[in-house]
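*Asks:* FYI, numbering that gives the first Met the number 0 numbers position 187 of the sequence shown as 186, with every residue one higher than the one before it.
Note that CB positions come from ideal geometry on N, CA and C, so glycine has one too.
All of these numbers come straight from a predicted model, not from anything done at the bench.
Can you read through this structure? Questions will come right after.
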Amino acid sequence: MPTYSNVNYVLNDGPAIYNLVFKLEKKQQNSLNLGIRFDTEEVGAILVNATTYFRGKINSRLALTGRIGKNLFARADFSLEPTIARNVNFAYMFRYNDIDIYDKGKRMYNTSYQYHLGEISYSDVFRKIFKIQAGIRYEFFDYSEFLYSGEGQSINVKPEGFISYFAQLNLETMDKWYFPTKGISFKLGYSLYTDNFAHYNGHTPFSALDTQFATVAKVTNRFSLLPSLYGRVLIGRNVAYPYYNALGGYVFGRNV
Numbered sequence: 000m001p002t003y004s005n006v007n008y009v010l011n012d013g014p015a016i017y018n019l020v021f022k023l024e025k026k027q028q029n030s031l032n033l034g035i036r037f038d039t040e041e042v043g044a045i046l047v048n049a050t051t052y053f054r055g056k057i058n059s060r061l062a063l064t065g066r067i068g069k070n071l072f073a074r075a076d077f078s079l080e081p082t083i084a085r086n087v088n089f090a091y092m093f094r095y096n097d098i099d100i101y102d103k104g105k106r107m108y109n110t111s112y113q114y115h116l117g118e119i120s121y122s123d124v125f126r127k128i129f130k131i132q133a134g135i136r137y138e139f140f141d142y143s144e145f146l147y148s149g150e151g152q153s154i155n156v157k158p159e160g161f162i163s164y165f166a167q168l169n170l171e172t173m174d175k176w177y178f179p180t181k182g183i184s185f186k187l188g189y190s191l192y193t194d195n196f197a198h199y200n201g202h203t204p205f206s207a208l209d210t211q212f213a214t215v216a217k218v219t220n221r222f223s224l225l226p227s228l229y230g231r232v233l234i235g236r237n238v239a240y241p242y243y244n245a246l247g248g249y250v251f252g253r254n255v
């Protein structure tokens with residue numbers, strides 16, 4: 000189905016009838032985006048994204064995203080789109096992280112690792128505000144080293160892979176993406192983690208339930224507050240180190 004970035008019309012009057020003529024500007028399907036980021040944690044990074052669409056009996060989309068900096072990142076997303084709202088998604092991601100872990104403001108240790116993710120999922124959107132997504136993913140954490148400072152408790156972590164099943168519910172009623180004036184954003188996710196599709200370390204798998212809520216508190220016509228809450232609960236025993244809960248940072252759900 001074609002999409003358009005702008006639609007205008009002209010009403011031409013004739014001797015006996017009126018002709019309504021629509022002027023359509025076709026939306027650019029392919030895009031290339033470039034960004035630069037600076038912060039005190041990762042210093043500087045270059046961000047690159049390229050997206051292209053393929054039209055056919057079943058439309059599809061390919062997106063490539065990368066980050067060049069202290070923590071490298073690369074992701075490929077391919078989606079089959081039989082309709083505008085329903086997608087079958089395939090994704091692969093590689094990430095290198097070098098992270099400092101703090102306890103009460105004191106750096107306890109540093110960890111560096113390579114992370115691989117493969118994912119297959121199905122998503123659907125209802126009434127333009129409610130989205131569901133479910134799928135299966137494989138994650139592999141390849142830890143290279145742990146460097147401790149001071150008297151920190153040592154952690155015995157080895158490279159390990161996980162197979163998980165996940166489901167997510169998203170409700171979005173905010174009227175604008177960047178500067179909303181009303182509405183809410185609510186997300187609920189559940190993941191079940193295994194190492195062989197059914198168990199983890201020969202026992203019952205563990206799981207995680209997380210939720211995120213944000214709303215708009217309008218103060219004036221030009222100023223609004225966006226209060227938000229995020230929470231995550233681990234369920235079960237023998238929870239693996241990469242999925243521990245940690246406080247701090249600015250990104251929800253970032254793996255350590």
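Note down the Cα distance separating Asn254 from Arg85, rounded to an integer number of angstroms.
*Replies:* Translated into the one-based positions of the sequence shown, residue 254 becomes position 255. Translated into the one-based positions of the sequence shown, residue 85 becomes position 86. Because Asn254 sits at a pLDDT of 49, beneath the cut-off of 50, its placement in the model cannot be relied upon, and the following sentence gives the value as read from the coordinates. If I take the Cα positions, the gap works out to 28 Å.
*Asks:* Can you find at least 3 beta carbon pairs, one from the region 94-109 and one from the region 122-141, that sit closer than 8 Å?
*Replies:* Contact fails: fewer than three Cβ-Cβ distances are below 8 Å.
*Asks:* How many Å lie between Val6 and Phe212 at the Cα?
*Replies:* Locating residue 6 in the sequence shown gives position 7, counting from the first residue. Locating residue 212 in the sequence shown gives position 213, counting from the first residue. Answer to the nearest angstrom: the Cα atoms are 35 Å apart.
*Asks:* Do Tyr142 and Leu116 have their CB atoms nearer than 9 Å?
*Replies:* Your numbering for residue 142 matches position 143 in the sequence shown. Your numbering for residue 116 matches position 117 in the sequence shown. No. Outside cutoff.
*Asks:* Tell me His202's beta-bridge partners as DSSP assigns them.
*Replies:* For the purposes of this step, residue 202 is taken as the residue at position 203 of the sequence shown. The partner list for His202 (beta bridge, DSSP) reads Tyr199.
*Asks:* Could you check what DSSP says for Tyr243 in three-state terms: helix, strand or coil?
*Replies:* Working through the sequence shown from its first residue, we reach residue 243 at position 244. In this structure, Tyr243 counts as coil in the three-state DSSP scheme.
*Asks:* Under the DSSP definition of a beta bridge, which residues are partnered with Asn86?
*Replies:* Taking the sequence shown and counting its residues from 1, one reaches residue 86 at position 87. In the DSSP output, where bridge partners are listed per residue, Asn86 has Ser122.
*Asks:* Specify whether the region 217-234 and the region 193-204 touch according to this definition: at least 3 beta carbon pairs, one from each stretch, less than 8 Å apart.
*Replies:* As far as the Cβ criterion goes, the region 217-234 does not touch the region 193-204, which means the pair count is below three.
*Asks:* Is the beta carbon of Asp209 sitting closer than 9 Å to the one on Tyr189?
*Replies:* Locating residue 209 in the sequence shown gives position 210, counting from the first residue. Locating residue 189 in the sequence shown gives position 190, counting from the first residue. In contact: Asp209 and Tyr189 (Cβ atoms closer than 9 Å).
*Asks:* Specify the secondary structure class of Met173 as computed by DSSP and reduced to three states.
*Replies:* Stepping through the sequence shown from its first residue, residue 173 is reached at position 174. In this structure, Met173 counts as coil in the three-state DSSP scheme.
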